[in-house]
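In my numbering, the protein residues as written are 768 to 1142.
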């Protein structure tokens, strides 16, 4: 009986081991097939290879059908609402030309204007020589004022970047800015000729190159999500905000910063120029109203870490945000087009000024590559 019991116990252990190994192999096979399927979907163009590429239709549906539909609705409503503000009457307009993410390249055609803004990633390598070459090019352009901020690739500008620990004494040279204004957590006031009244117009411009951590220690101006640098940093008198990082939910492939978005609501600048996310390039109106708040509420809720795929698919709380976007958006459109009501003129323009053709390392071509805004 004892031998029989030992035999049964041994068989039981062997069976458990066999089943455990079988389960392990099946699990490995499942994930291998899953990985192979994902790779195939990427090759066929049904899904994107990484978060820096624009989502496909399938990506958007799998992530959140509700957010996909609401985002398209929101963009249509913005188009119908028209301009978020009008330049002051009886004064000369200030033409702002916006660039970002040139990565050591030079767009062949730069529109004329009064103010040139570069929102970071001037350089591809972050070295002194690379940056100095871009600064010299910007300085040669015929603008009254030129303002730049650094980006995560502009390593030489950030003393915390490991580039300063690995490249020795050579990196202690000082850049010659040649009249170009570099801002890092600074506010500057610039004057422009007002030909209409033979006087001056002023713009308060705040710039900062901080960006959410996206690379190694050699990258510049990075911060962890747990410690964003934005709260209370942007002065309320700011007319033009220049950052490398985008605000969450606007021209950012959902890679922007929620903390920066919160500061936008406090300051409400007329113009916010940024870059970083190449595929987000473009111009978007903001009205700082209930419609925008509802849309951003859905974006932030959907992007929350604790939201699983199943919760995003069946997000009944998020549906309230979507319905609010529809309600407040239609109210605004009806007021504008049927009641002919005046706008609040308290809105602003967001510009992702990237000029790269996605992540190809090449510049985009054609009109509209370089963005222009009149203030």
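Positions of the beta carbon are idealized from the N, C-alpha and C atoms, including for glycine.
Beta-ladder partner(s) of residue 989, from DSSP: Counted from its first residue, the chain shown places residue 989 at position 222. Its beta-bridge partners are 978.
DSSP-derived helix/strand/coil call for residue 1082: For the purposes of this step, residue 1082 is taken as the residue at position 315 of the chain shown. Residue 1082 falls in the coil class under three-state DSSP.
Spatial distance of residue 936 from residue 949 (CA atoms): Position 169 of the chain shown, counted from the first residue, corresponds to residue 936. Position 182 of the chain shown, counted from the first residue, corresponds to residue 949. Model confidence at residue 936 stands at a pLDDT of 41, short of 50, so the residue's coordinates are unreliable and nothing is read from them.
Backbone secondary structure at residue 972 - three-state DSSP: Position 205 of the chain shown, counting from 1, holds the residue named residue 972. Looking at residue 972 - three-state DSSP - the assignment turns out to be strand.
Residue 790 versus residue 784 - alpha carbon distance: Within the chain shown, numbered from 1, the residue matching residue 790 stands at position 23. Within the chain shown, numbered from 1, the residue matching residue 784 stands at position 17. Taking the straight line from one Cα to the other gives about 10 Å.
The beta strand (DSSP E) enclosing residue 877, as first and last residue numbers: Counted from its first residue, the chain shown places residue 877 at position 110. Counting along the chain, residue 877 falls outside any beta strand (DSSP E), and DSSP gives it neither H nor E.
Nearest-angstrom Cα separation, counted from residue 1124 out to residue 864: Looking up residue 864 in the chain shown gives position 97. Looking up residue 1124 in the chain shown gives position 357. If I take the Cα positions, the gap works out to 19 Å.
6 Å Cβ shell around residue 913 - same chain, five flanking residues per side excluded: In the chain shown, counting from the first residue as 1, residue 913 sits at position 146. Only 883, 905 and 947 meet the Cβ criterion.
Sheet register partners of residue 913 (DSSP bridge): By 1-based counting over the chain shown, the position of residue 913 is 146. Beta-bridge pairing links residue 913 to 883.
Residues near residue 1045 in its chain [Cβ-Cβ closer than 7 Å; skip 5 each side]: Here residue 1045 refers to the residue found at position 278 when the chain shown is read from its first residue. Hits under 7 Å: 868, 1121, 1123, 1125 and 1126.
Rounded straight-line distance, which links the Cα of residue 1078 to that of residue 1118: One-based indexing of the chain shown puts residue 1118 at position 351. One-based indexing of the chain shown puts residue 1078 at position 311. Using only the alpha carbons, I get a separation of about 32 Å.
Under 9 Å between C-beta atoms of residue 1115 and residue 1075: For the purposes of this step, residue 1115 is taken as the residue at position 348 of the chain shown. For the purposes of this step, residue 1075 is taken as the residue at position 308 of the chain shown. Cβ atoms of residue 1115 and residue 1075: not closer than 9 Å.
Secondary structure of residue 859, DSSP reduced to three states: The count along the chain shown starts at 1 and reaches residue 859 at position 92. Reduced to three states, the DSSP call for residue 859 is coil.
Residue 969 burial status per 10 Å Cβ neighbour count (16 or more: buried): Here residue 969 corresponds to residue number 202 of the chain shown, with the count starting at 1. Exposed, because fewer than 16 other Cβ atoms sit within 10 Å of the Cβ of residue 969.
The alpha helix (DSSP H) enclosing residue 1016, as first and last residue numbers: Here residue 1016 refers to the residue found at position 249 of the chain shown. Here residue 1016 belongs to no alpha helix (DSSP H), and DSSP marks it neither H nor E.
Cβ contact (3+ pairs, closer than 8 Å) linking the region 873 to 889 and the region 1028 to 1036: no
Inter-stretch contact (C-beta, 8 Å, three-pair minimum) for the region 1034 to 1048 and the region 1000 to 1013: yes
Exposure label - residue 1068; buried when at least 16 CB within 10 Å: For this step, residue 1068 is matched to residue 301 along the chain shown. Its Cβ being crowded by 16 or more others within 10 Å, residue 1068 is buried.
Residue 1137 CB to nearest heavy atom of the ligand PLP below 8 Å: By its list of ligands, the structure shown contains no ligand whatsoever, and the ligand PLP lies outside what it can speak to.
Under the three-state DSSP convention, the category residue 1087 falls into: Counting from one through the chain shown, the residue named residue 1087 turns up at place 320. Note: residue 1087 maps to helix in three-state DSSP.
Helix, strand or coil at residue 1113 [DSSP, three-state]: Position 346 of the chain shown, counted from the start, is the residue given in the question as residue 1113. Residue state, collapsed to three classes: coil.
Burial state of residue 967 (16 or more Cβ within 10 Å): By 1-based counting over the chain shown, the position of residue 967 is 200. Residue 967 should be labelled exposed.
When 1001, 1066 and 1070 are compared against residue 1036, the one with the closest alpha-carbon: Stepping through the chain shown from its first residue, residue 1036 is reached at position 269. Of the candidates 1001, 1066 and 1070, the one whose C-alpha sits nearest the C-alpha of residue 1036 is 1001.
Length of the line joining the Cα atoms of residue 847 and residue 971: The residue given as residue 847 occupies position 80 in the chain shown. The residue given as residue 971 occupies position 204 in the chain shown. Roughly 30 Å between the two C-alpha positions.
Touching by the beta-carbon criterion (3+ pairs, under 8 Å), the region 990 to 1004 and the region 881 to 896: no
Beta-ladder partner(s) of residue 1123, from DSSP: Locating residue 1123 in the chain shown gives position 356, counting from the first residue. The partner list for residue 1123 (beta bridge, DSSP) reads 1130.
Buried/exposed call for residue 977, threshold 16 Cβ in 10 Å: For the purposes of this step, residue 977 is identified with residue 210 of the chain shown, where counting begins at 1. It is buried - the Cβ of residue 977 has at least 16 other Cβ atoms within 10 Å.
Alpha-carbon to alpha-carbon, residue 835 and residue 841: Locating residue 841 in the chain shown gives position 74, where the first residue counts as 1. Locating residue 835 in the chain shown gives position 68, where the first residue counts as 1. C-alpha separation (whole angstroms): 10 Å.
Residue 930 burial status per 10 Å Cβ neighbour count (16 or more: buried): Locating residue 930 in the chain shown gives position 163, counting from the first residue. Burial call: buried.
Sub-9 Å separation of residue 1009 and residue 986 beta-carbons: On the chain shown, residue 1009 is found 242 positions in, with the first residue counted as 1. On the chain shown, residue 986 is found 219 positions in, with the first residue counted as 1. Not a contact, by the Cβ cut-off of 9 Å.
Nearest residue (CA-CA) to residue 917, options 952, 1081, 910 and 1059: For this step, residue 917 is matched to residue 150 along the chain shown. Residue 917 has its Cα closest to that of 952, out of 952, 1081, 910 and 1059.
Residue interval of the alpha helix (DSSP H) (run including residue 846): Here residue 846 corresponds to residue number 79 of the chain shown, with the count starting at 1. Element bounds for residue 846: 832 to 848.
Pairwise C-alpha distance: residue 957 and residue 1073: To locate residue 1073, count along the chain shown from 1; it is residue 306. To locate residue 957, count along the chain shown from 1; it is residue 190. Near 45 Å, if we compare the C-alpha coordinates of residue 957 and residue 1073.
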